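Chemist: Protein chains in written order, with the numbering used here: chain A, 293 to 403; chain B, 9 to 122.
Ideal placement from N, C-alpha and C gives every residue a C-beta, glycine not left out.
Note that the coordinates shown come from a computational prediction; the quantities given were computed from them, not determined experimentally.
Before I ask anything, here is the structure I am working with.
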Amino acid sequence: KNEVEQSPQNLTAQEGEFITINCSYSVGISALHWLQQHPGGGIVSLFMLSSGKKKHGRLIATINIQEKHSSLHITASHPRDSAVYICAVRKEETSGSRLTFGEGTQLTVNP
Amino acid sequence: DSGVTQTPKHLITATGQRVTLRCSPRSGDLSVYWYQQSLDQGLQFLIQYYNGEERAKGNILERFSAQQFPDLHSELNLSSLELGDSALYFCASSVAGGINSPLHFGNGTRLTVT
Numbered sequence: 293k294n295e296v297e298q299s300p301q302n303l304t305a306q307e308g309e310f311i312t313i314n315c316s317y318s319v320g321i322s323a324l325h326w327l328q329q330h331p332g333g334g335i336v337s338l339f340m341l342s343s344g345k346k347k348h349g350r351l352i353a354t355i356n357i358q359e360k361h362s363s364l365h366i367t368a369s370h371p372r373d374s375a376v377y378i379c380a381v382r383k384e385e386t387s388g389s390r391l392t393f394g395e396g397t398q399l400t401v402n403p
Numbered sequence: 009d010s011g012v013t014q015t016p017k018h019l020i021t022a023t024g025q026r027v028t029l030r031c032s033p034r035s036g037d038l039s040v041y042w043y044q045q046s047l048d049q050g051l052q053f054l055i056q057y058y059n060g061e062e063r064a065k066g067n068i069l070e071r072f073s074a075q076q077f078p079d080l081h082s083e084l085n086l087s088s089l090e091l092g093d094s095a096l097y098f099c100a101s102s103v104a105g106g107i108n109s110p111l112h113f114g115n116g117t118r119l120t121v122t
């Protein structure tokens with residue numbers, strides 16, 4: 293079993309729909325990242341969370357440390373939101389940190 | 009634009025060869041991370057440097073090595089290349105090396121081994 297599990301693996305939505313992507317992890321973490329990867333391959337960091345909730349434009353990320361679960365919400369989805377969304381957890385090590393990644397959720401938003 | 013520059017963007021080489029991937033971190037960032045994204049393994053952490061010193065090591069093969077230079081740019085050296093090394097290699101940087109530093113990713117180097 294992977295340390296970081298995302299669901300769903302694939303998601304197709306109509307423009308304007310509310311979207312939720314879930315991430316569950318099984319290890320102790322110091323922070324959780326949500327990343328966006330567009331078809332060209334580049335990765336953009338959307339959020340870094342260690343507790344609570346963050347909002348940026350139409351994107352909202354929440355985390356529940358006790359339940360080891362995070363969600364990424366997209367309100368009023370748009371075709372330009374089509375991308376792979378990746379959850380990654382950051383485990384603090386003695387003198388550094390590393391990310392462990394989920395397998396990603398492929399989101400397609402149709403006009 | 010994240011401010012992280014990776015070169016080259018694409019690299020095609022043959023099995024058994026050696027290549028060097030280069031990363032220039034965002035101005036002011038001291039920490040550099042290398043990641044590999046392959047079709048079968050997904051994204052994996054390879055190695056982290058902070059201000060020239062190795063900080064954390066992940067699933068990096070012995071055939072791979074990296075370093076961070078005094079000007080803070082980093083190079084990832086891949087030798088005795090195998091078909092399975094074909095992947096996207098990402099570099100990311102952060103101001104510090106700990107948990108409170110946001111990461112900024114480069115656009116990646118796509119390596120194809122034939």
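Rounded to the nearest angstrom, what separates P403 of chain A and S318 of chain A at their Cα positions?
Modeler: When rounded, the distance between both Cα atoms is 36 angstroms.
Chemist: Pick out whichever of B:D93, B:A104, B:H112 and B:G116 has its Cα sitting closest to the Cα of L47 of chain B.
Modeler: Nearest C-alpha to L47 of chain B: B:D93.
Chemist: Have a look at Q5 of chain B and Q328 of chain A and give me their C-alpha separation to the nearest angstrom.
Modeler: There is no way to answer for residue 5 of chain B, as the model of chain B reaches only from 9 to 122.
Chemist: For a contact meaning CB atoms closer than 9 angstroms, what does S362 of chain A contact in chain B?
Modeler: Simply none; closest approach about 15 angstroms.
Chemist: Three or more C-beta pairs closer than 8 angstroms, one from the segment 298-307 of chain A and one from the segment 369-376 of chain A: is that the case here?
Modeler: Result yes; three or more Cβ-Cβ pairs closer than 8 angstroms.
Chemist: Measuring CB to CB, does E297 of chain A end up less than 7 angstroms from S316 of chain A?
Modeler: Cβ atoms of E297 of chain A and S316 of chain A: closer than 7 angstroms.
Chemist: What is the C-beta distance between R71 of chain B and S82 of chain B, in whole angstroms, given that I count them as a contact (C-beta under 8 angstroms)?
Modeler: With 8 angstroms as the limit, R71 of chain B and S82 of chain B do not qualify as a contact, their Cβ atoms being about 18 angstroms apart.
Chemist: Kindly say whether F113 of chain B, judged by its beta-carbon, lies nearer than 7 angstroms to any beta-carbon of chain A.
Modeler: Chain A, which has a Cβ nearer than 7 angstroms to the Cβ of F113 of chain B, makes this yes.
Chemist: Could you tell me the distance, in whole angstroms, from the CA atom of N85 of chain B to the CA atom of L38 of chain B?
Modeler: Taking the straight line from one Cα to the other gives about 20 angstroms.
Chemist: Mind pulling the chain B residues with CB within less than 8 angstroms of G344 of chain A?
Modeler: Simply none; closest approach about 15 angstroms.
Chemist: At the 7 angstroms Cβ level, is S316 of chain A part of the contact set with chain C, yes or no?
Modeler: Within the model displayed, chain C is absent; protein chains A and B are what it includes.
Chemist: Is the beta carbon of L29 of chain B closer than 7 angstroms to that of Y44 of chain B?
Modeler: Reading off the sequence, residue 44 of chain B comes out as Gln, not Tyr. Going by C-beta atoms, Q44 of chain B is not nearer than 7 angstroms to L29 of chain B.
Chemist: Kindly indicate which residue of B:T122, B:L96 and B:T117 has the alpha-carbon position closest to the one of P16 of chain B.
Modeler: Of the candidates B:T122, B:L96 and B:T117, the one whose C-alpha sits nearest the C-alpha of P16 of chain B is B:T117.
Chemist: May I have a chain-ordered list of the beta strand (DSSP E) segments no shorter than 3 residues that lie completely inside the segment 302-352 of chain A?
Modeler: Counting only runs of 3 or more, we get 302-306, 311-317, 323-329, 335-341 and 344-348.
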